[in-house]
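If you read the sequence shown in numbering that gives the first Met the number 0, its first letter stands for residue 0, the second for the next number, and so on. A short write-up of the structure that comes next.
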Amino acid sequence: MSADKGAADLLAVGAHTVDRVLQIVGLQEELPIDGVSPEPWSVVSKSPVLTVKNRKVGSIPVLQWIGEGEFQYPAEALYRLLTDTVARSKWDTVFAEYRSLHRLSESTDITYSQTKPLVGGMISARDYIDLRVCRVDASSGRHIMVWADVEASLVSALGADVPEVDPTGKIVRGFNHPGGIVIVPRPDGKSCFVHYTVHSDIKGTMPVWLVNKGTGGAIDSIFANLKKALKAQG
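Printed below as a string of structure tokens:
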């Protein structure tokens, strides 16, 4: 397969991932996957600033999660902090590393991320290679960033330098099902509502209950640290 054909195929996957994430967060009608409709969301926690929910999707053992909450900041401010890999690697304490490996278009690239150990070190570091799309929808004003796993061999075929799987096993290569962040600006232009969904198979030998516990905690952390970063920049 030529590099041009590979890039075109990945751009098509990116467009599909945008639609899938908009369905997950309830901004488009959700379609069945392989003929099976996802289960209803279950509320895990709810506060005045953040609601966290999860659900089972098909036969996938790990749960799909969503965090939703209001921010008293413009959508553009959140979008910059979330999409800028250099900025995010500084404020988002979930990541040990987050960077772009290869750009496919103005809105689409391949990213490499490595998480820090979670749940007090019970879950070791993971790394991921993802296709990422970042764009602002002209008609709705929604600021969108989505991601999904991409095979390392496809990225290498594009000429990108792809980090190898850690041979020591201290960092486990995980798999991201479609996930993303959709920021919906409020009419006042000074606030916004955020939908954040993640569905990660971290691989390894961790029990499913521990993986789900770590994912729920990571959502709380991301929302809290994003608000700190926004406050710090004024």
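We put the beta carbon where it would ideally sit given N, CA and C, even for glycine.
Quick one: measure Cβ to Cβ for residue i and residue j, integer angstroms, because I've assumed they're closer than 8 Å.
| i | j | result |
| --- | --- | --- |
| alanine 217 | valine 93 | 5 Å |
| valine 42 | lysine 52 | 5 Å |
| valine 24 | histidine 194 | 4 Å |
| leucine 100 | aspartate 160 | 7 Å |
| threonine 107 | tyrosine 97 | Threonine 107 to tyrosine 97, Cβ: 16 Å. No contact. |
For residue i versus residue j, is the C-beta spacing smaller than 7 Å?
| i | j | result |
| --- | --- | --- |
| leucine 65 | glycine 213 | The question names leucine, but residue 65 is isoleucine in the sequence shown. Not a contact, by the Cβ cut-off of 7 Å. |
| cysteine 191 | alanine 74 | yes |
| isoleucine 201 | glycine 173 | yes |
| leucine 80 | isoleucine 182 | no |
With burial defined as no fewer than 16 other Cβ atoms inside 10 Å of the residue's Cβ, what is the status of residue i: buried or exposed?
| i | result |
| --- | --- |
| alanine 11 | exposed |
| serine 112 | buried |
| isoleucine 32 | exposed |
| isoleucine 128 | buried |
| glycine 13 | buried |
| lysine 91 | Residue identity differs from the one stated: residue 91 is aspartate in this sequence, not lysine. When all chains shown are included, aspartate 91 counts as buried. |
| leucine 9 | buried |
| leucine 30 | exposed |
Between the C-alpha atoms of residue i and residue j, what's the straight-line distance to the nearest angstrom?
| i | j | result |
| --- | --- | --- |
| serine 88 | valine 35 | 37 Å |
| glycine 250 | leucine 209 | The structure shown does not extend to residue 250, since the chain spans only 0 to 233, so no value can be given for it. |
| glycine 168 | serine 199 | 18 Å |
| asparagine 211 | valine 197 | 11 Å |
| tryptophan 40 | glutamine 63 | 9 Å |
| lysine 189 | tyrosine 72 | 5 Å |
| glutamate 28 | proline 37 | 12 Å |
| aspartate 136 | threonine 16 | 15 Å |
| alanine 228 | isoleucine 221 | 10 Å |
| serine 44 | valine 56 | 20 Å |
| alanine 95 | leucine 117 | 11 Å |
| arginine 134 | leucine 26 | 16 Å |
| glutamate 163 | valine 149 | 14 Å |
| leucine 225 | glycine 233 | 13 Å |
| aspartate 18 | alanine 231 | 33 Å |
Can you tell which of the options has its C-alpha closest to the C-alpha of residue i?
| i | options | result |
| --- | --- | --- |
| alanine 223 | His101, Pro39, Leu26 and Gly68 | Gly68 |
| glutamate 105 | Ser220, Ala6 and Asp187 | Ala6 |
| glycine 179 | Asp108, Ala147, Val207 and Met205 | Ala147 |
| valine 132 | Asp83, Leu153 and Arg125 | Asp83 |
| proline 186 | Gly140, Leu81 and Gly158 | Gly140 |
| leucine 49 | Phe70, Lys4 and Tyr127 | Phe70 |
| serine 58 | Val207, Tyr78 and Ile221 | Val207 |
| glycine 203 | Asp126, Gly233, Glu163 and Ala231 | Asp126 |
| histidine 176 | Leu130, Ser138 and Leu229 | Leu130 |
| serine 46 | Gly233, Ile109, Asp219 and Lys227 | Asp219 |
| glutamine 22 | Trp90, Ala228, Val145 and Leu103 | Val145 |
| threonine 114 | Leu103, Ser152, Glu150 and Val171 | Val171 |
| lysine 4 | Val154, Pro116 and Glu163 | Val154 |
| serine 138 | Pro184, Val149 and Met205 | Pro184 |
| leucine 103 | Pro116, Ala95 and Ala156 | Ala156 |
| methionine 205 | Ala124, Ala231, Leu26 and Ala95 | Ala124 |
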